[in-house]
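All residue numbers for the sequence shown refer to the numbering used here, where the first residue is 584 and numbers rise by one. Every residue gets a Cβ at the ideal spot worked out from N, C-alpha and C, and that includes glycine. Please read these numbers as outputs of a predicted model, since none were measured by experiment.
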Amino acid sequence: MNTKTLTRVALIAAVYTVVSLALAPFSFGNIQVRISEALTLLPLIYQPAIAGVTLGCFLTNLIGALMGVNPTGLLDAVIGTAATFIAAMITWHFRNKKVAGLPLISILAPVVLNFFFIGAELAVLMMPENVIMGTLIFGAEVAVGELISVVIGYFLVKLLSGTKLFAD
């Protein structure tokens, strides 16, 4: 990884973290719209963005837990980051597979993975007596917010793909 790529990865991580923490009341919990998750679609146009969004998610969840604004605590630094990493990898891998001209698998990967990962995480912590039902309820709530974020992300990626920002 050259200096230019490393700098871009760091900037993506920083933007993700700053936006998430600045909008902390909306970035954590079962009903959330983490606007920074729009960046999870950057791998559609820039493979190193996988590292940037993963690092940004980890820092956000870790700092959020340490500040007390992340109700799931340090567990989210592991589970939430894993969901973001896997979603970013899928987004990159399926970026050229399109349905009606849209990379639907890539767009829906963050929504589906957050539904299951974060839904289960919240269910274990907030509804341990019925984890399956909790996963479905909390997962659906998280997925709605994630869908809003990735729609924003898709338009952001379309806008950025017309620039030389990620050109080497």
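The C-alpha of L696 is placed about 14 Å away from the C-alpha of L687.
Under the three-state reduction of DSSP, V727 is assigned to helix.
A direct Cα-Cα distance of roughly 6 Å separates S610 from S603. For the pair L625 and L743, the CB atoms are nearer than the 9 Å cut-off. The beta carbon of M584 sits closer than 8 Å to the beta carbons of V592, P631 from its chain, once the five residues preceding and following it are set aside; these are given in chain order. The C-beta distance from G722 to I701 rounds to 7 Å, short enough to fall under 8 Å. For L685, the pairing in a beta bridge is given by DSSP as V682. Scanning L708, K747, P654, F698 for the CA closest to the CA of G728 turns up F698.
Boundaries of the alpha helix (DSSP H) around A593: 586-605. A Cβ-Cβ distance of about 5 Å is found for the pair A648 and L657, placing them in contact under the 8 Å criterion.
The stretch 619-673 is shown to contain whole alpha helix (DSSP H) runs of 4 or more residues at 632-650, in chain order. If you draw a 10 Å sphere on the C-beta of E712, you find fewer than 16 other C-beta atoms in it, and that means exposed. Ranking V714, L708, M672 by CA distance to the CA of N653 puts L708 first. In this structure, V598 keeps its C-beta atom at 9 Å or more from the C-beta atom of I731.
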